[in-house]
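Chains as they are written, first to last, in my numbering: chain W, 1 to 604; chain Z, 605 to 893; chain Y, 894 to 1277.
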Amino acid sequence: MKLRVAGIGVLAVLAWLLPYQLDSYLIHVANVVILFAILAIGLGLVMGIAGQINLAQVALFGVASYATAILTTRAGFGFWTAAALAMLIVAAIGLLIGTPALRMQSHYLGIVTLGLALALTNWVTNAHIAGGAEGITGIPAPTLPGIDLRNDYFFYYLELVVFALALAFGLFVVRTPLGRKMRAMRDDSLAAGAVGVEVPQLRMTAFFLASLYGGVAGVLYAGLIRYVAPETFSIANMFLLLAMVIIGGRQSLVGCVVGAVALSLLREVLVDYPTYAQVAYGTIVVLTVVFAPTGLAGLPVRARGLLQRLGWLRRDTGAPPKLGDFRPYDAVERPAEQVILRIDDVSMHFRGLKALQEVTMEISTGEIRGIVGPNGSGKTTLFNVVSGLYRPTSGRVWLGEQDMTAARPHTLARAGIARTFQNLRLFPLLTVRENLLVALDQTSVLGSWRYALWQPGVWRQDRALRRQADELLDRFGLTAFADAAPGELPYGTQRRVEIARAMARSPRLLLLDEPAAGLNGEEVRQLSEIVRSIRAAGVTVVLIEHNMGLVMSLCERVTVFASGRVIADGTPAEVARAPQVVEAYLGDSAMSSDVPVATATEAA
Amino acid sequence: MQVFLQTFIGGMSLGAIYALVALGFSLVFRTMGLVNFSHGNVVMIGAYLASTFYLSTKLPFALAMALAIGGTGLIGVIIERVLRPLENKDFDLMLIGTIGFGIVLEAVAIIIWGATGNAVPNPVPTGPLEVLGLRIRTYDLVVLAIAAAAAVLLVFFLQSTKRGAAMQAVAMDHEAATAVGIHVGRSNAIAFMLGAGLAALAGGLVGPLLYVNPTMGGALGIKGFAAAILGGFGSIPGAIVGGFAIGVLDAFTAGHFQGYSELVTFLVFTVIIMIRPTGIFGERTVNRA
Amino acid sequence: MFSSLRRHAAVMLLGLALPVALAACSAPGGDQGDTNKTDGPIKIALVDAQSGQLSSLGAWELKGARLAIDEWNAAGGINGRQIELGVFDDQGDPTVGTNLARKIASEGYIAMIGTAESAVTIAMAPILRESKIPNITSGQSPGLVAVKSPFLFLNGPTSVTYDETLAKYIVDGKGLKNIAMITNNGGYGKGEHDAFTKSLQARGVKPIEDQVVTADQKDFSAALTTIRQKNPQVIFIGAEEVQSGLIVKQARDLGITVPFAGAAPQGTPVFADTAGTANVEGTIVSSPYLSNEVSEASKKFAAAYKAKFNEDAEMHGAKAYDGTQILLNALKTSNVATGQALADAIRATKYAGLLGDFAFDDTGVGIFATRIGTIQAGKLVAAG
């Protein structure tokens, strides 16, 4: 910590003294580099942190500089008034460009944002008000009392201050609830929705943030160059910016800045050999992507790994951390029995595949319900319908008295449904603690205004969340793994982290999809203890399970699925004897390992 | 009405080119899960090879094209080796990695052929056909015929040959294909070679229509990619329909909005994709939880 | 942790305050490169696209300027000082241009030749004006005059002159009134569009079709189809060499047979090569430099050019040669003045050049006439 603060201090002093070493051209270069760095932070936020492809970042930058230019030269506004209006405009356009993200992702989003960027370029090239191909000259220099900002040296200090604030704000966002939710969404948007992250709003927020950074850089650009032309928008610059972010390391804002500085300087050195510069820059990009996908920012970690492998650096040889005991919840009085989840004639079809057919079932409060059936019988599809990942082809889903058929996953999560996933969907790039923090955070994305107006409030909220997370980690015996990446943990521990994450939202209804898969005997025993305690705490539990021993011992009622239909429903003993169940298992998948009788004796 | 039809016909030949480019995008994507943004630059390389053979060595156009397709196909195999580590990587990396590679291709073209480019004379020097008051450029008909033949051959290859069937299998399920003994690596190489060959065909045909220069790949690549997305990414009929759709859309916006054509084209494209993100022939991807 | 952070912050602030105090005493960058040196080579910058699509223009410009400077250096330079030409590549990008303007200012160049792209020159003009560096450009957009910089000079006529001459020939001379226009929305095309429309307007003629294409467009079927429907007698093109050539080529493919008319780009070999020699027959060109055979001076220039670069001279090289000659003459008469004095000397220079007799007015334009030529049997010849 001390080292880091000292490092920042040294860097700040160096940055402050830099102009004394530069001639009037190089200071101009430095000014342009800082603008790219601000842009790169914005792109890092939207792409690296929130996982949204935005190939319009340079276009947003262009919008802001054009808006400033038009408002100052055509409408006669002062520079700072124009700048403020430009920020509003760019934020609006940023939200507009982000809208497609609600419907599509990855390469689809890439081509759409790129297309919109081209459309904007096309507009300024033609529009009379934007000066056409000749652009707009004569933008007035910004003024500050007592400082002549026409001087590139003084402009440098203005940019430096803005840059420092922009970076600090970006890092603040990344390390607090908003950024954490974004990273969770990037890692796994389905799981993020399932723990209550409002994915659509968050995507728009990401584009909004990116447009702010684009806007700040654009306004400063207008003030620095005092000239704008359509080339400002160019796709080549967009790809350059993209390369900066990838080379620097998109998941680290500091990395993005380093990438921006490094590539800008490389370009400056090779300015007289543009073709060879192109070869060099393309080659570096390809090599980075292939050999160092985490970019410059990821190099220290990779270097440490390499040194350890070569035996030059000692590994931590302390005893491996151990999974602690689960500390049961305080039991509450069993609530009066009423229906908490009603599935009413639900069918789900995928292009001719009838995954669910007219399924009707009811689950009461305080129940532990088992759902069994051969593979492909529609169990997980049912969970996906209930948790809002699929909208059923027909039928309704009721949570208590509320019709939740068309609700989105985050709404359902907020209404009290939590789930785990068959194949484990922890956020791989977040630590165990952060995985829980994302789920613990109950605030809405719209509450993010505090980031602009009241940062201490955000800070305080974050600390409160961390206390809750520590409590939860302790309850599930995970304290020793708090700072580990989920992927490094044993499988059984990951399963427990996922249950802890689901419980972080204090749900009313918990859906567990094959929670015992891959667990050893002892872990299965612990699991059953955990599930009982969760139920004792007043949470209704539904679990899909192939481990019949667990189902028989844990569940009061069992529903059996086959080919998308409910074929039996009753106490474990009843369904195990039902002829249609025996037939479904033996007939459909005689080779399957989950024949009830066999596994029942094995795991008992 | 006459202007309408004339504009429509005008859009068809470039539409055929976009369709060929889109086919390359989709073929490579469905087989190896690679979105190759350097595809446009491969088109440019193909265009240069074809025009160089045609102009400098005075070969007949058809022969020059065949050589260019073969040459670019071979280059495609090399490119596939270089880009192999990017297959099935996350999209950001694939995007910038292939763009980076495209930038290198462009610079190499500048070093070899210079920055200014050259025009390619029309290989069928006959005047336009006059049909019902419409003028149809003879070369447009050549382009359409060749593109149609290429599409038919491609579909035939994929559906009726053993190797093509193997590629289809790889496209559907990598692991299962490996399990039944299909050489995935070879299948990928062939897909890339075919993609590059289609790119060269598009480039060679577009030369006499437009102009050959190192930056031509950008516009063709973006429009071709948009066509593939519009048709349904990874779908063969989708690529063809998408290509013609973009070509005709382009022709109409150019006719009606002149300088603003690009703005309108991309706005229309965005709206269509917003309404139907999976494109015309796209399959709804199922979220697997 | 929090209190320790605060302490560190205080230390950091102190660290920041120190250089602020320093900065208050002396602003950084106070000592600028001194341009008033009286020994060593005279540094002149040439800024043009040396890479990218427009690099052929840049290459021609460089050759013209190089030829003039080598001639002067061979004759002993100016006041015994050699002339040094620094070449900068603007890549045809105005923003790169603004960077280069600052760069040549910081490196002590006293004057600038170029660029051939009006948009780039316009972008650079305010910075050059601030740094008091006279600039002789090869651009011809009326936008250059609108900048109103006393440091900006043109080495040829503006589009207004080109197109006025052209309109006079077509409308007044030939009596053609059904005129269609196709121009691009780039810097050059827009200037041409506005200038030609104005000249037609003055004659009470309205173009029967006015198509605008984008500067990087390569397919013109839509625009040309619309034009063909209107059956014009002549089609005016306002676009750079390559694009003009493509327009003509595609027009002929669509069966349009009427002649095209335009300014300087249509007189270049690049235009003819792109369109195909047969297709450009009959094109009407307004140019201040129709061919290398127009005068004794041009023949001499063409011979020297051929000897030095082993290729035929053309208009852009001639313009750059004229511009450079004017600059060097002004440097000589002013005893290698810089800044305002050099600008004044350029304005006062009367020079009989390849393009005609230069005499600059307040707007920085020194020549106001072009000649009409037509392409006959693949060669541009003066029209009678």
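Heads up, the beta-carbon is just placed ideally off N, CA and C, and yes, glycines get one too.
Fill in: For Y:SER1191, the three-state DSSP class (helix, strand or coil)
Under the three-state reduction of DSSP output, Y:SER1191 falls in the helix class.
Worksheet item: Between Y:ALA914 and the rest of its own chain, which residues show a CB-CB distance below 6 angstroms, the 5 nearest in sequence each way excluded?
Response: Residue placement at Y:ALA914 is flagged as unreliable, the pLDDT there being 43, under the threshold of 50; a coordinate-derived value is accordingly withheld.
Practice prompt. Check Z:LEU678 in the structure and name its three-state DSSP category.
Written response: Helix.
Fill in: Proximity below 8 angstroms, CB of W:LEU341 to CB of W:MET348
In this structure, W:MET348 does not lie closer than 8 angstroms to W:LEU341 by Cβ.
Fill in: Segments assigned beta strand (DSSP E), at least 3 residues, entirely inside the segment 1195-1265 of chain Y
The DSSP assignment places complete beta strand (DSSP E) segments of no fewer than 3 residues inside the segment 1195-1265 of chain Y at 1243-1245, 1250-1252, in order along the chain.
Fill in: Interface positions of the segment 112-126 of chain W facing chain Y (Cβ-Cβ less than 8 angstroms), listed along the chain
Going along the segment 112-126 of chain W in chain order, one finds ASN122, THR125, ASN126 with a Cβ nearer than 8 angstroms to chain Y.
Worksheet item: Taking the alpha helix (DSSP H) that W:THR73 falls in, what are its first and last residues?
Response: In the DSSP assignment, W:THR73 falls within the alpha helix (DSSP H) that extends over 57-73.
Discussion item. Given this structure, state the Cα-to-Cα distance separating W:TYR672 from W:TRP16, to the nearest angstrom.
Written reply: Examination of residue 672 of chain W is not possible in this model, given that chain W is present from 1 through 604 alone.
Practice prompt. Provide the residue(s) that pair with W:SER394 in DSSP beta bridges, ordered along the chain.
Written response: W:SER347, per the DSSP bridge assignment.
Worksheet item: What are the residues that DSSP puts in a beta bridge with Y:ASP1103?
Response: Y:ASP1103 pairs with Y:MET1074.
Worksheet item: Mind pulling the chain W residues with CB within less than 9 angstroms of Y:PRO1019?
Response: At a beta-carbon threshold of 9 angstroms, the residues of chain W lying near Y:PRO1019 are THR137, GLY138, ARG226, TYR227, ordered along the chain.
Worksheet item: Is W:ALA30 closer than 8 angstroms to W:ALA260 when the C-beta atoms are compared?
Response: Contact flag unset, no.
Worksheet item: Hey, W:LEU109 and W:PRO100: beta-carbon distance below 8 angstroms or not?
Response: Yes, these two residues count as a Cβ contact at 8 angstroms.
Worksheet item: I think W:ARG525 touches W:ALA194, with their Cβ atoms under 8 angstroms apart; what is that distance to the nearest whole Å?
Response: No, W:ARG525 and W:ALA194 are not in contact; Cβ-Cβ is about 27 angstroms, not under 8 angstroms.
Worksheet entry | Backbone secondary structure at Y:THR1051 - three-state DSSP | Here Y:THR1051 sits in coil by DSSP.
Worksheet item: Below 8 angstroms between beta carbons: does that hold for Z:MET605 and Z:VAL681?
Response: No, the Cβ-Cβ distance between Z:MET605 and Z:VAL681 is not below 8 angstroms.
Worksheet entry | Cα-Cα separation, Y:GLY923 to W:VAL32 | Residue confidence for Y:GLY923 is low, a pLDDT of 46 falling below 50, so the modelled location carries little weight and cannot support an answer.
Worksheet item: Can you tell which of Z:VAL686, Z:LEU653, Z:ARG688, Z:LEU687 has the C-alpha that lies nearest to the C-alpha of Z:GLY674?
Response: Of the listed residues, the one whose Cα sits closest to Z:GLY674 is Z:LEU653.
Discussion item. Short of 7 angstroms Cβ to Cβ, which residues in the segment 499-533 of chain W face chain Z?
Written reply: Result list empty, no residue passes.
Worksheet entry | Euclidean distance between Cα positions of Y:CYS918 and W:LEU265 | Caution applies to Y:CYS918, whose pLDDT of 42 falls short of 50 and renders its modelled position unreliable; the model cannot decide the point.
Worksheet item: From W:ILE417 to W:ARG508, what does the alpha carbon distance come to, in whole angstroms?
Response: Straight-line measurement puts the Cα of W:ARG508 at about 6 angstroms from the Cα of W:ILE417.
Fill in: Residues in the segment 937-963 of chain Y having any Cβ partner in chain Z nearer than 7 angstroms
If the cut-off is 7 angstroms between Cβ atoms, the segment 937-963 of chain Y has SER944, GLY945, GLN946, SER948, SER949 near chain Z.
Item to complete: Would you kindly report the start and end of the unbroken beta strand (DSSP E) that includes W:VAL558?
Response: In this chain, the beta strand (DSSP E) harbouring W:VAL558 covers 557-562.
Practice prompt. Given a cut-off of 8 angstroms, decide if Y:VAL1258 and Y:THR1051 are closer than it, judged by their beta-carbon atoms.
Written response: For Y:THR1051 and Y:VAL1258, yes; Cβs fall inside 8 angstroms.
Worksheet item: In chain W, which residues lie with their C-beta within 8 angstroms of the C-beta of Z:ILE679?
Response: The contacting residues do not exist; Z:ILE679 stays about 16 angstroms from chain W at best.
Discussion item. What does the alpha-carbon distance come out to for the pair W:ARG183 and W:GLU434?
Written reply: Cα to Cα, the separation comes out at about 10 angstroms.
Worksheet item: In chain W, what lies closer than 7 angstroms to Z:TYR658 by C-beta?
Response: Ordered by position in chain W, no residue passes the 7 angstroms Cβ test against Z:TYR658, which lies about 25 angstroms from the chain.
Worksheet entry | Y:ASN1028 - DSSP class collapsed to helix/strand/coil | It is a strand residue.
Fill in: Residues of the segment 996-1028 of chain Y whose Cβ lies closer than 9 angstroms to any Cβ of chain Z, in chain order
So the list is empty, because no residue satisfies the distance condition.
Worksheet item: Is Y:SER1227 close to chain Z, meaning its C-beta is less than 8 angstroms from at least one C-beta of that chain?
Response: When Cβ-Cβ separations below 8 angstroms define contact, Y:SER1227 makes no contact with chain Z.
Worksheet item: So with Cβ pairs under 8 angstroms, would you call Z:ASN792 a contact of chain Y?
Response: Closer than 8 angstroms: no.
Worksheet item: Under the three-state reduction of DSSP, which class applies to Y:LEU911: helix, strand or coil?
Response: Because Y:LEU911 sits at a pLDDT of 44, beneath the cut-off of 50, its placement in the model cannot be relied upon, and the following sentence gives the value as read from the coordinates. Correct three-state label for Y:LEU911: helix.
Discussion item. Looking at the strands, I want to know which residues DSSP matches up with W:ARG565.
Written reply: Looking at the DSSP assignment, W:ARG565 forms a beta bridge with W:ALA562.
Practice prompt. Indicate whether Y:ALA1223 and Y:ALA1238 have their beta-carbon atoms separated by less than 8 angstroms.
Written response: Taking 8 angstroms as the Cβ cut-off, Y:ALA1223 and Y:ALA1238 qualify as a contacting pair.
Practice prompt. Look at the alpha carbon of Z:ILE707 and the alpha carbon of Z:MET648, and state the distance between them as a whole number of angstroms.
Written response: Each residue's Cα considered, the two are about 12 angstroms apart.
Discussion item. Let me confirm a value: W:GLN251 is counted as buried when at least 16 other C-beta atoms fall within 10 Å, else exposed. Which label applies?
Written reply: Counting Cβ neighbours within 10 Å, W:GLN251 comes out buried, since at least 16 surround it.
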